[in-house]
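2 protein chains.
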Amino acid sequence: MSYIKTPTNGMNDYLPEEAKLREYVLRQIKDTYSDFGFMLIETPSVEHIENLTSKQGGENEKLIFKILKRGEKLLNANISEDIDSLVDGGLRYDLTVPLARYYSNNIGKLPTPFKALQIGNVWRADRPQKGRYRQFTQCDIDILGDSSILSEIELVSSTGSILAKLGFSGAVIRINDRRILRAMAQKSGFSEEDFDKVFIILDKLDKIGLDGVKKEFEKSGYDASNIEGYCAWFEKDAKPKTASEFFGNKLEGYLEPEIIKNIDSVLSSVNIVSGGDFSVIFDPTLVRGMAYYTGTIFEASLPGTNLSVGGGGRYDKMIGNFTGNEAPACGFSIGFERIIGLLTENGFVVPESKEKIAFLVDSSIETNKLCEMFEEVKKLRESGINVMITSRNKNAKFQKDVLRKSGYEEFREFF
Amino acid sequence: MSYIKTPTNGMNDYLPEEAKLREYVLRQIKDTYSDFGFMLIETPSVEHIENLTSKQGGENEKLIFKILKRGEKLLNANISEDIDSLVDGGLRYDLTVPLARYYSNNIGKLPTPFKALQIGNVWRADRPQKGRYRQFTQCDIDILGDSSILSEIELVSSTGSILAKLGFSGAVIRINDRRILRAMAQKSGFSEEDFDKVFIILDKLDKIGLDGVKKEFEKSGYDASNIEGYCAWFEKDAKPKTASEFFGNKLEGYLEPEIIKNIDSVLSSVNIVSGGDFSVIFDPTLVRGMAYYTGTIFEASLPGTNLSVGGGGRYDKMIGNFTGNEAPACGFSIGFERIIGLLTENGFVVPESKEKIAFLVDSSIETNKLCEMFEEVKKLRESGINVMITSRNKNAKFQKDVLRKSGYEEFREFF
């Protein structure tokens, strides 16, 4: 027998206490997003291989778990040509590709704008390492078909609310705009083809400081006056109250003034809704890597950590690139697995919604006693108590210790 | 661009109203099973191909979505030998194979007995047809490591409670025992090697009646006196109150008397717990197809339909066959997709837990008005109201019609 006990490499079995925490957090996420009007949808785990390899997925396209054709189609496949001729599907590596497909498939039946909530597993054949799994859960909200800042306000304030509800006090969501990044670089004299490299270096500001950033610019051979002009932006107060305060009219001619005004409207609206439970700030140094962002970008982090617990932005071109039908879009992906990791490290205990009692029943019990017991069980359950019935072990002490891990503190024994 | 809009063949996109119903039913199932002490667990969707093809899965092993090896392992695979050398995993076709693996992998960290609840998608490359999908959700409860009838009682009463909570009044769970089926066939003179065929014919009793069954036995060439003796059992009252009443001492010498007594103890215990919301009856004609059942078997159905909405039984050998470590086991699988189908046909409306208001906001709104609006939104949300903020369409009438489908009945418009 070649039975394998361990799970597939890089994927997890979740013990009851782990699964309970995951379920609790998922419900907080679903309930809060639902309270903000996001609508749960579901797409299949298996996606057409054509959609997964349409070049919109970047590096993730190298990490696809591919699914073999079946039956005649497999027999007719020409392997000598290409091994991919054997394949017709793959496990989704994110929820964005399925969302784009879903939206174009169902648009006639959906509200416009559409506030979508999608939660599900995704799979990546990555090298497994601590905190990185080959199957993991993603939680995405996206607003499709709305180019207004209501999208940004709702995405940021709902996600901030969830972090607050999960007990992460003082979460900060930083916001910037790709077009602001570009305007600053342009005004400093960098040429368009260097922008991506410039942003990659700027993105290291947190880690290597402004001097480090300057040195990297110099190493890359950029013009000294460009470097000086660009870095001067970041010598200012790094935490400006508003984007208008930060820029004044210094980007005039390089940027639609509306873009700065919009950032500030998002800040003031979200900070009303947050009631101080979390905050949103303008951060002109925020970059975020994904090339598909076209406007605002945001990232959530917790005070005292450098860890991102979510991020997103506006991607007005992607739906069109995928499906041929343009639609403005803006999304936020909350870092579910990281949140679970942090709550676990912090010893978070899922609150019990009910009183719990375990009945340990010896195998020698007679039918009439069993019936009496169930009369009592019925009453307890009707009064809203969680009653676990289970066979009593000889070593009931050990049995109770294990059951305590699942919240059973009270025990009754029946013989 | 070869982008494909429709989902993978045989798999589903769920619209918001469908996803909402699925989520509602899943929570009812999880909460009720949890109230009975079942513990949620999670296993990966991808399982080792060795485990999926170990001959325990029967016909389902022909329906596996197989996953291609990656990297060097794929390059080193010898396709000329066997196409399966290209494969190292597959999507699970049920939750029982992963459960057996999970139990042997984690037994030291789990309570004994272990009351497991597993809910997840499974995949079968079946011919798609109405109500049968290639990705669908299974909900299984299993009690591992307990040979007592507490397993049967808890499995049946918790599942009955769920059916009642979902509004299916008068659900009936029929119970029988494989060993009773065998003893009846044996006493009637059939030989052991014919049992499976005999049961397959008996299983048609509902559809073809006792005369039909007799004819099929005759066609199969069984001895007339065997047929007569066997069919005589089923000429009696088909709905006996207890198994003891049905059998008296007629199976003496063919069956441990304990087995009949146990069925009756299950009946009396469950019928106490049910409080009339559902019922359990002894049905000596219940067969159920799966060869791996070793003891009790059960099936849930709704009055006025012949549809099974769940089934299960005891399978004391399977865990041992899979893992080499014997463990008594008993399980019940509730028919999630069928229940969703029935609720949808019946026009079931998911109860709203909150008042819902949609704010439709025109794009011309000024920042100060927006801030005022969000002051109000904050208050409403704090008072427990679900507030959706969304951009107002020019055709707001149509927009409202679509939002009503998601439970928004009250609208406010902002310009």
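If you're matching them up, the sequences are chains A and B in order.
Residue 328 in numbering that gives the first Met the number 0 sits at position 329 of the first sequence; the count goes up by one each step and never skips.
Residue 9 in numbering that gives the first Met the number 0 sits at position 10 of the second sequence; the count goes up by one each step and never skips.
Heads up, the beta-carbon is just placed ideally off N, CA and C, and yes, glycines get one too.
Rounded to whole angstroms, what is the Cα-Cα separation between residue i and residue j?
i	j	result
glutamate 336/B	glutamine 137/B	8 Å
leucine 180/B	leucine 285/B	9 Å
glutamate 217/A	lysine 378/B	52 Å
asparagine 385/B	phenylalanine 410/B	12 Å
alanine 184/B	glutamate 151/B	24 Å
alanine 99/B	lysine 65/A	26 Å
glutamate 60/A	tyrosine 92/A	8 Å
threonine 293/A	glycine 330/A	12 Å
valine 360/B	proline 112/A	11 Å
valine 121/B	glycine 107/A	29 Å
arginine 178/B	phenylalanine 167/B	31 Å
alanine 290/A	phenylalanine 198/A	11 Å
phenylalanine 194/A	aspartate 315/A	20 Å
aspartate 141/A	alanine 115/A	5 Å
tyrosine 229/B	glycine 303/B	28 Å
glycine 56/A	isoleucine 63/A	10 Å
threonine 389/A	alanine 76/A	53 Å
phenylalanine 189/B	serine 79/A	56 Å
glutamate 251/A	lysine 19/A	53 Å
methionine 38/A	asparagine 175/B	44 Å
glutamate 244/A	glutamine 134/B	53 Å
asparagine 345/B	lysine 54/A	44 Å
arginine 391/A	leucine 51/A	52 Å
glycine 70/A	alanine 124/B	10 Å
Strictly under 8 Å for the Cβ-Cβ distance: is residue i near chain B by that measure?
i	result
phenylalanine 413/A	no
lysine 4/A	yes
serine 84/A	no
alanine 466/A	Here chain A covers residues 0 to 414 and nothing more, so residue 466/A does not appear.
glutamine 128/A	no
glutamate 374/A	yes
leucine 149/A	yes
Can you pull the chain A residues whose beta carbon is under 8 Å from the beta carbon of residue i, in chain order?
i	result
aspartate 34/B	Lys353, Arg380, Asn385 and Val386
phenylalanine 415/B	Since the displayed chain B opens at 0 and closes at 414, residue 415/B lies outside it and no answer follows.
lysine 38/B	Before going further, note that residue 38/B is methionine rather than lysine in the sequence given. Here the neighbours are Pro15, Ala18, Lys19 and Ser405.
How close, in whole Å, do the beta carbons of residue i and residue j come, if the pair is a contact with beta carbons under 8 Å?
i	j	result
serine 332/B	isoleucine 148/B	Not a contact, Cβ separation roughly 19 Å.
alanine 328/A	leucine 25/A	With a Cβ gap of about 24 Å, alanine 328/A and leucine 25/A do not count as contacting.
proline 15/B	isoleucine 40/A	6 Å
histidine 47/B	isoleucine 3/A	5 Å
phenylalanine 277/A	alanine 182/A	No, phenylalanine 277/A and alanine 182/A are not in contact; Cβ-Cβ is about 28 Å, not under 8 Å.
serine 273/A	glycine 159/A	6 Å
arginine 287/A	glutamate 298/A	6 Å
Verify the CB distance criterion: does residue i have a CB-CB separation below 8 Å to chain A?
i	result
cysteine 329/B	no
alanine 163/B	no
isoleucine 140/B	no
aspartate 205/B	no
valine 401/B	yes
lysine 114/B	yes
glutamine 27/B	no
asparagine 120/B	yes
serine 363/B	no
serine 300/B	no
valine 360/B	yes
Kindly list, in the order they appear in chain B, the residues whose Cβ is closer than 9 Å to that of residue i.
i	result
alanine 184/A	In chain order: nothing, as chain B lies at least about 28 Å away.
alanine 357/A	Gly36
Name, please, each residue of chain B whose Cβ falls closer than 7 Å to the Cβ of residue i.
i	result
methionine 10/A	Pro43 and Val45
cysteine 370/A	Ser267, Ser268 and Ile271
phenylalanine 410/A	None at all; the shortest Cβ gap to chain B is about 12 Å.
Mind pulling the chain A residues with CB within less than 7 Å of residue i?
i	result
glycine 274/B	Lys377
phenylalanine 321/B	Tyr2
serine 426/B	Nothing can be reported for residue 426/B, as the shown portion of chain B is limited to 0 through 414.
lysine 108/B	Leu14
serine 103/B	Lys4
Residues of chain B with CB closer than 8 Å to the CB of residue i, please, in chain order.
i	result
tyrosine 92/A	Within 8 Å Cβ-Cβ: nothing; tyrosine 92/A doesn't reach chain B, min ~13 Å.
aspartate 145/A	Thr389 and Ser390
serine 264/A	Thr366 and Leu369
What residues from chain A crowd round residue i, counting only those whose CB sits closer than 9 Å?
i	result
arginine 100/B	Tyr2, Ile3, Lys4, Thr5, Pro6 and Asp12
Stretch pair the segment 313 to 329 of chain A + the segment 98 to 112 of chain A: three plus CB contacts closer than 8 Å: yes
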